[in-house]
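Be aware that the sequence shown starts at 0, since it is given in numbering that gives the first Met the number 0, and climbs by one per residue.
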Amino acid sequence: MPYAQVAGWGMAVPSRVVTNNDLVEMGLETSEEWIETRTGIRQRRLLAPGEATSDLAVTAAQRALEVANVHPADLDLIIVATCTPDHPVPATASLVQDRIGAGRAGATDLNAACSGFVYALSLAAGQIESARVRQVLVIGADAVSIYLDWQDRETCILFGDGAGALLLQSSEEPGILSTSLGSDGSGASLLMVSAGGSRFPTNGDALRNGDNHLVMDGRQIFRLAAQMMGKAAEKAIEASGLTTEDVNLLIPHQANGRIIEAAAKKLGLPPEKVFANLAEYGNTTAASIPIALCEAIEEGRVKPGDNIVLTSFGAGLSWGSAVIRWGLPLPVEVSSWRRWRRRLGGRWSAFRSSLRKRGRRVRSFMDRKYN
Ligand code: COA
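Dropping the structure here:
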């Protein structure tokens, strides 16, 4: 049975930064301090006028392909986890497929709200493990800002827009060790945008009542998220045959700093084994886990052989967790770097430092592959 390995990663966020202070200045009845101490969020990125979810998804996808040195024409499947597609029809994944030039790939969207990326990763890994496909691009991309009521201080402070992507490849080495998915639709109304679908199409009444906005029972969601993110991770860790002691890094859904702390505590993981970047981006829904993973990689928090646990909770209600053994298969580009290294022998370090001076892209590529 082939395994599914992570071979590339990429992220994209809009350039428009909105700080807590900006929200106060917009007239929201809150304070910078309240938002930061109760959520851990300092700022978020929001779509600029004219920008859409697929714009972010395309950039994240292209970066993941570049890291893996894979041509888009070699992709078999693209899954975009999103609850904020560009249009109700067609799928955003098809727009991405066209724009990146993935002419051979199937493409579909998946909606499991904030758990969407872990769901997509699980389904993509299954496709590779059953040998139906060899290369799948899994993207989490969302712009929940489109659903926010900017007068509702409980919700609008929490969310940001963004996209993250992982390229999964068929491999002989284990990569995605296990996944665990769950849902409880009896809690659907706890986090919901009620209009815009077949039950309540968006019409004049819906707009007048504000039914096109995200509504949330913050306290209940807080309690359930803290509980279920920990439980889902425990299940996935058990299914992988590991124990929490074997976990090198937890990448939780970035909803609220206090939820992350509670989930880590339930798992008995110390803060240094937990990655959080919600201060910069807020909750980016399906994009939050891949964006956090990309930043953890860029910050050198991930090494080959590490066991990484992803865990998420969101509307549905839905939750999911995945355990990844980090071990990059060597793309062609890396093999050619290796040849250079052999050829240059003792002059390798001088060659590397001259390359380092040429810019961050080369530097981070070299660091990722060789340090
Ligand atoms: N600024 C100032 N005060 C605020 C506020 C804000 N932005 N939002 C809420 N408050 C007020 C409340 O109105 C309440 O006032 P009251 O006591 O006079 O009624 C008070 O703060 C405490 O409210 P509470 O709901 O207990 O606050 P909290 O500490 O639980 O924080 C959330 C509220 C929304 C931040 C928190 O419940 C949360 O993060 N929930 C989970 C949300 C989430 O992650 N959703 C997405 C899941 S994928």
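All C-beta atoms, glycine included, are put in the ideal place defined by N, C-alpha and C.
Query raised in the report: With contact counted as at least three CB pairs below 8 Å, one residue from each stretch, are the region 169-186 and the region 76-92 in contact?
Result: no
Report task. Pick helix, strand or coil for residue 217, following the three-state DSSP scheme. Result -> helix
Requested in this report: Kindly examine the ligand COA and report whether one of its heavy atoms sits closer than 6 Å to the Cβ of residue 261.
Outcome: Residue 261: no, Cβ never under 6 Å from the ligand COA.
Query raised in the report: With distances taken between CB atoms, is the gap from residue 249 to residue 264 smaller than 7 Å?
Result: no
Requested in this report: Please report the residue range of the alpha helix (DSSP H) in which residue 121 lies.
Outcome: 115-128
Query raised in the report: How about residue 113: is its Cβ closer than 6 Å to a heavy atom in the ligand COA?
Result: yes
Query raised in the report: First and last residue of the beta strand (DSSP E) that includes residue 324?
Result: 317-324
Query raised in the report: Would the beta-carbon of residue 59 fall within 7 Å of that of residue 175?
Result: no
**Report entry** Cα-Cα separation between residue 8 and residue 204, rounded to whole angstroms
**Finding:** Going from the Cα of residue 8 to the Cα of residue 204 covers about 43 Å.
Query raised in the report: Sorted by chain position, which residues of the same chain lie with C-beta nearer than 7 Å to residue 293's C-beta, five sequence neighbours on each side aside?
Result: 8, 9, 10, 163
Requested in this report: Quick one: which unbroken beta strand (DSSP E) runs of 3-plus residues sit fully inside the region 188-237? Chain order, please.
Outcome: 190-192, 213-215
Query raised in the report: What's the call for residue 200, buried or exposed, on a 16-neighbour Cβ count within 10 Å?
Result: exposed
Report task. Take residue 221 as the anchor and find which of 286, 153, 197, 268 has the nearest alpha-carbon. Result -> Residue 221 has its Cα closest to that of 153, out of 286, 153, 197, 268.
Query raised in the report: With a cut-off of 8 Å, do at least 3 Cβ pairs link the region 137-144 to the region 285-304?
Result: yes
Requested in this report: Taking only the alpha-carbon atoms, compute the straight-line gap between residue 67 and residue 103 and give it to the nearest angstrom.
Outcome: Approximately 18 Å, taken between the alpha carbons.
Query - Close Cβ partners of residue 277 (< 6 Å) along its chain, the five nearest in sequence each way excluded - result: 39, 40, 253
Query - Reference residue 189; option with closest CA among 150, 313, 321 - result: 313
Query raised in the report: Apart from the five residues just before and just after residue 332, which ones in its own chain have a Cβ nearer than 8 Å to its Cβ?
Result: Confidence at residue 332 is low in this model, with a pLDDT of 45, below 50, so the placement of that residue should be treated as unreliable; the coordinate-derived value is given next. 68.
Report task. Return the bridge partner residues of residue 419 from the DSSP annotation. Result -> It is not possible to answer for residue 419, since the shown part of the chain is limited to 0 through 370.
Query raised in the report: Hey, out of 179, 149, 173, whose CA is closest to residue 214's CA?
Result: 149
Query - Local conformation of residue 291 per DSSP, three classes - result: helix
Query raised in the report: With a Cβ-Cβ cutoff of 7 Å, do residue 51 and residue 85 count as a contact?
Result: yes
Report task. Say yes only if the C-beta of residue 33 is nearer than 6 Å to one or more non-hydrogen atoms of the ligand COA, and no if none qualify. Result -> yes
**Report entry** C-beta atoms of residue 305 and residue 318 nearer than 7 Å
**Finding:** No. Outside cutoff.
Query raised in the report: Closest to residue 46 by CA distance: which of 111, 33, 14 is it?
Result: 14
Query raised in the report: In the structure shown, what three-state DSSP assignment does residue 332 receive?
Result: Low per-residue confidence applies at residue 332: pLDDT is 45, beneath 50, and the placement is therefore not dependable, though the value from the model is reported in the following sentence. Residue 332 falls in the helix class under three-state DSSP.
**Report entry** Secondary structure of residue 39, DSSP reduced to three states
**Finding:** When secondary structure is reduced to three states using DSSP, residue 39 falls in the coil class, being assigned neither helix nor strand.
Query - Helix, strand or coil at residue 254 according to DSSP, with G and I counted as helix - result: Three-state result, residue 254: coil.
Report task. Return helix, strand or coil for residue 282, following the three-state DSSP convention. Result -> strand
Query raised in the report: Under the three-state reduction of DSSP, which class applies to residue 33: helix, strand or coil?
Result: Looking at residue 33 - three-state DSSP - the assignment turns out to be helix.
Query raised in the report: Mind checking residue 160: buried by the 16 CB within 10 Å criterion, or exposed?
Result: It counts as buried.
Report task. Compute the Euclidean distance between the alpha carbons of residue 83 and residue 145, then round it to the nearest angstrom. Result -> 8 Å
Query - Rounded C-alpha distance that separates residue 99 from residue 108 - result: 16 Å
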